[in-house]
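Sequences listed follow chains G and C, in order.
Per the working numbering, the very first residue in the first sequence carries number 1; after that it's consecutive.
Per the working numbering, the very first residue in the second sequence carries number 165; after that it's consecutive.
As structure tokens, the structure follows; a few thoughts come after it.
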Amino acid sequence: MTLEVAGFWVLSLLLVGSALGVVLTKNLFHSVLWLALALTGTAGVFLMLDAEFLAGVQILLYAGGVVTVVVFAIVVTERLVGTRLAHTSRRVLIGGGVAALFLGIMLNSLSRIVLPTSRVPMESDPTRLIGTAVMTRFILPFELLAVLLLVSLLAASYLARPEE
Amino acid sequence: MGLYAYLSLAAVVFSIGLFGVMTRRNTVGILLGIELMLNAVNINLVAFSRFHGEVTGMVLTVFAICITVAEVALGLSIVILLFRTRRTAMADHVDWLKG
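As structure tokens, then:
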């Protein structure tokens with residue numbers, strides 16, 4: 001067993017286990033902590049795919065930013081200690097059935113098609129390629145994204161403004 | 165590891181996120197499930213991009229991460245607004261439009 005295979009299995013177990021923790025724990029705050037672990041595991045998968053820049057963005061934006069914002073929202077809407085934080089699940093059988101059905105369809109169709117087993121070498125460093133592509137071919141979506149971020153920032157601060 | 169392994173891993177994570185979205189009562193819990201599903205999609209994009217030696221998927225992942233952050237900020241501000249007007253964060257209690 002090579003190092004790559006072993007690393008992939010460790011990361012897979014970490015990712016799937018923490019994802020299960022997100023959807024199965026009874027405590028909402030613990031859910032968020034499991035999500036932080038799952039996002040960090042995803043960053044590890046990005047590292048295995050030679051995307052160092054994306055792994056950094058993943059940790060900075062997701063595990064740093066999103067988790068912090070979610071914790072703030074929990075602090076505002078629930079009490080951190082006490083019974084309110086317990087969040088239950090409903091219709092577990094239907095949800096599990098639909099998820100298992102989806103997974104079955106996906107794995108079945110994945111096993112039918114021929115997928116590449118080896119990697120085509122990138123032209124140069126992926127980070128350099130990403131930067132070049134964002135500034136040339138994808139310049140219009142990039143600028144639109146800036147507008148989107150500004151609009152969502154204004155909208156979020158408007159919706160969550162303090163009561164008069 | 166071939167592309168199949170990465171796509172299968174992403175499919176498993178997506179299914180877990182789908183399960184969370186369908187079963188959680190708390191709106192914040194539903195948002196966490198959506199986060200998991202978006203992550204699975206990002207893994208797919210990066211894996212396809214790497215195995216084809218083409219950078220487009222990674223650029224799309226950068227965009228997807230940015231849009232996710234905007235979505236989380238908006239979703240959570242809606243949750244806070246909901247809590248302020250209804251004193252609840254449970255999705256079942258949001259039934260103003262029910263006749």
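C-beta: ideal position from N, C-alpha, C; glycine also.
According to DSSP, what are the bridge partners of residue 188/C? As a working note, residue 188/C is residue 24 in the second sequence. 89/G, per the DSSP bridge assignment.
Let's see if you can read the secondary structure: which residues bound the alpha helix (DSSP H) around residue 253/C? Here residue 253/C refers to the residue found at position 89 when the second sequence is read from its first residue. Note, residue 253/C: premise wrong, no alpha helix (DSSP H); not H, not E.
Identity of the residue in 165/C, 167/C and 179/C nearest residue 105/G by Cα: For this step, residue 105/G is matched to residue 105 along the first sequence. Nearest C-alpha to residue 105/G: 179/C.
Give the straight-line distance between the Cα atoms of residue 18/G and residue 151/G, rounded to the nearest whole angstrom. As a working note, residue 18/G is residue 18 in the first sequence. As a working note, residue 151/G is residue 151 in the first sequence. If I take the Cα positions, the gap works out to 33 angstroms.
Residues in its own chain within less than 6 angstroms of residue 170/C by CB, not counting five upstream and five downstream? The sequence position of residue 170/C within the second sequence is 6, counting from 1. Closer than 6 angstroms at the Cβ level, and outside the excluded window around residue 170/C, lie 211.
Just the Cα atoms here: how many angstroms apart are residue 202/C and residue 228/C? The residue you call residue 202/C lines up with position 38 of the second sequence. The residue you call residue 228/C lines up with position 64 of the second sequence. Using only the alpha carbons, I get a separation of about 8 angstroms.
Can you round the beta-carbon distance between residue 28/G and residue 190/C to whole angstroms, since I take them to be within the 8 angstroms contact cut? As a position in the first sequence, residue 28/G is number 28, starting the count at 1. As a position in the second sequence, residue 190/C is number 26, starting the count at 1. That pair is a contact at about 6 angstroms.
At the level of alpha carbons, what is the spacing between residue 181/C and residue 88/G? Taking the second sequence and counting its residues from 1, the one referred to as residue 181/C is at position 17. Taking the first sequence and counting its residues from 1, the one referred to as residue 88/G is at position 88. If you take the alpha carbons of residue 181/C and residue 88/G, they lie about 16 angstroms apart.
Using a Cβ cut-off of 8 angstroms, which residues of the segment 187–206 of chain C contact any Cβ in chain G, in chain order? 187, 188, 189, 190, 192, 193, 195, 196, 197, 199, 200, 203 and 206
Along chain C, which residues have their Cβ under 9 angstroms away from the Cβ of residue 139/G? The count along the first sequence starts at 1 and reaches residue 139/G at position 139. Neighbours of residue 139/G on chain C: none; closest Cβ ~11 angstroms, over 9 angstroms.
Could you tell me whether any Cβ in chain D is nearer than 8 angstroms to the Cβ of residue 59/G? You won't find chain D in this structure, because its protein chains are G and C.
By alpha-carbon positions, which one of 33/G, 68/G and 115/G ends up nearest to residue 165/C? As a working mapping, residue 165/C is identified with position 1 in the second sequence. For the residues 33/G, 68/G and 115/G, the minimum Cα distance to residue 165/C belongs to 115/G.
Find out if the Cβ-Cβ distance for the pair residue 198/C, residue 73/G is shorter than 8 angstroms. In the second sequence, residue 198/C corresponds to position 34, counting from 1. In the first sequence, residue 73/G corresponds to position 73, counting from 1. No, the Cβ-Cβ distance between residue 198/C and residue 73/G is not below 8 angstroms.
CB-CB under 8 angstroms to residue 253/C, same chain, minus the five flanking residues each way: which ones, in chain order? Your numbering for residue 253/C matches position 89 in the second sequence. The residues are 190, 191, 192, 243, 246 and 247.
What does residue 4/G touch in chain C if you count any residue whose Cβ is under 9 angstroms from its own? Working through the first sequence from its first residue, we reach residue 4/G at position 4. Result: 165.
Of the listed residues 231/C, 188/C, 222/C and 218/C, nearest to residue 94/G (C-alpha basis): Taking the first sequence and counting its residues from 1, one reaches residue 94/G at position 94. Closest by alpha carbon: 188/C.
Contact set between the segment 166–181 of chain C and chain G, restricted to residues whose Cβ is under 8 angstroms from the partner: For chain G, the residues of the segment 166–181 of chain C that bring a beta carbon within less than 8 angstroms of one of its beta carbons are 166, 167, 168, 169, 170, 171, 172, 173, 175, 176, 177, 178, 179, 180 and 181, in chain order.
In chain G, what lies closer than 9 angstroms to residue 258/C by C-beta? The residue you call residue 258/C lines up with position 94 of the second sequence. What residue 258/C touches in chain G: nothing, since even the nearest Cβ is about 13 angstroms away.
Please work out which residues of its chain come closer than 8 angstroms, Cβ to Cβ, to residue 4/G, disregarding the five sequence neighbours upstream and downstream, and give them in chain order. Within the first sequence, the letter at position 4 stands for residue 4/G. Within the same chain, residue 4/G has close Cβ partners 48.
What residues of chain C sit near residue 45/G, judged by a beta carbon separation below 7 angstroms? As a first step, residue 45/G is located in the first sequence; it is residue number 45 there, counting from the start. Near residue 45/G (Cβ distances below 7 angstroms), the residues of chain C are 207.
Inter-residue spacing [alpha-carbon to alpha-carbon] between residue 156/G and residue 44/G: What you label residue 156/G is simply residue 156 of the first sequence in a count that begins at 1. What you label residue 44/G is simply residue 44 of the first sequence in a count that begins at 1. Residue 156/G and residue 44/G: Cα-Cα distance of roughly 31 angstroms.
Which residues in the same chain have their Cβ closer than 7 angstroms to the Cβ of residue 81/G, if we skip the five residues on either side of it in sequence? Within the first sequence, residue 81/G is the residue found at index 81, counting from 1. In this prediction, residue 81/G has a pLDDT of 48, which is less than 50 and means its spatial position is unreliable; what the coordinates show is noted afterwards. Around residue 81/G: no qualifying Cβ.
Do you know whose CA, among 30/G, 8/G, 15/G and 132/G, lies nearest residue 67/G's CA? Here residue 67/G is taken as the residue at index 67 of the first sequence, counted from 1. Ranking 30/G, 8/G, 15/G and 132/G by Cα distance to residue 67/G puts 30/G first.
Give a yes or no on whether the minimum CB-CB distance between residue 145/G and chain C is below 8 angstroms. Locating residue 145/G in the first sequence gives position 145, where the first residue counts as 1. So yes, residue 145/G belongs to the interface.
Helix, strand or coil for residue 118/G, going by three-state DSSP, please let me know. Taking the first sequence and counting its residues from 1, one reaches residue 118/G at position 118. Coil, per DSSP.
Determine the extent of the alpha helix (DSSP H) in which residue 133/G is found, giving its start and end residues. In the first sequence, counting from the first residue as 1, residue 133/G sits at position 133. In this chain, the alpha helix (DSSP H) harbouring residue 133/G covers 126–135.
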